[in-house]
Amino acid sequence: MKILIVEDEIKLGSYLKKGLEEAGFVVDLTHDGLDGQHLATSERYDLMILDIMLPNVDGLTLVKIIRDADNSTPILLLSALSKTEDKVKGLDMGADDYLAKPFDFAEVLARVRTLLRRGGKEIQASKIDVGDMVVDLAKRRVTRGDKRIDLTGKEFLLLEFLLLHQGEVVTRSLIASNVWDMNFDSDTNVIDVAIKRLRGKIDSDFDDKLIHTVRGMGYILELR
Ligand code: CA
């Protein structure tokens, strides 16, 4: 498994590279956005880790360039904690996940493994359909029947997470740690509100409901 890291903080980049190599990955590291762009578009990677603030070409522009080239390699963005707008922008542009600095290496490794599992499924099927809903994971497009459904970056991630666990009950804590960068205890209401909004968009106008509540446990996405 080959990973590209574009991170201009020399120490952080080396730390990530060393850790991932110890975990068995092959890693290319560059400190410059333009080099990153060159590598991302000319080499094949299983995953890319991109910092947002980079010299020459910033991380968000890189995401756009990579996705515009129809490259659906999983992308993990790194960003300073305070820049919430950057994260939202990054996810909307097609990044798969983000990690706020500072972070533990264990967290990086967990995200990388999750994204690689997800990426593996994407390669097998970039489109997933459930009933009359078609979700194009690469283009991040959702339709039900003839109707195009517009989702925010977060709603898409939530739907994608449910889809990848189709037919399985996903607990709120699983959603919290995989879709939000938070622990279950911090604010469970956030998840219920987000599920409600997602249902409003993909289920409320249709007879066949896809998202179901499993009382006391969590949620399940399936056609019944
Ligand atoms: Ca930086």
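Here the numbering used here is used: the first residue of the sequence shown is 1234, the next is one more, and so on. Virtual Cβ for every residue (Gly too), placed ideally from N, Cα, C.
Reduced DSSP category for residue i - H, G, I as helix; E, B as strand; rest coil
i       : result
Arg1432 : helix
Leu1237 : strand
Leu1437 : The sequence shown places Ser at residue 1437, rather than the Leu named in the question. Coil, per DSSP.
Lys1442 : coil
Ile1453 : strand
Gly1252 : helix
Asp1319 : helix
Val1403 : strand
Lys1244 : helix
Lys1354 : Unreliable placement is indicated for Lys1354, whose pLDDT of 46 sits below 50; no coordinate value is reported for it.
Val1290 : coil
Thr1274 : helix
Arg1377 : strand
Cβ-heavy atom distance, residue i to ligand 1, below 7 Å
i       : result
Leu1342 : no
Bridge partners - residue i, DSSP secondary structure assignment
i       : result
Asp1301 : Asp1301 pairs with nothing; no bridge assigned.
Leu1309 : Ile1282 and Asp1330
Val1260 : Ile1236
Lys1360 : Asp1369
Short Cβ contact (8 Å threshold) for residue i with residue j
i       : j       : result
Asp1241 : Leu1287 : yes
Asp1303 : Gly1292 : no
Leu1431 : Asp1441 : no
Val1260 : Leu1309 : no
Val1459 : Trp1413 : The structure shown does not extend to residue 1459, since the chain is modelled only from 1234 to 1457, so the question has no answer here.
Tyr1278 : Thr1306 : yes
Val1296 : Ala1328 : yes
Val1368 : Lys1380 : no
Leu1390 : Leu1324 : yes
Ile1382 : Lys1429 : no
Practice task
May I have all residues whose beta carbon comes closer than 5 Å to any heavy atom of ligand 1, sorted in chain order?
Solution key: Those residues whose C-beta sits under 5 Å from the nearest heavy atom of ligand 1 are, from N- to C-terminal order along the chain, Asp1241, Asp1284 and Met1286.
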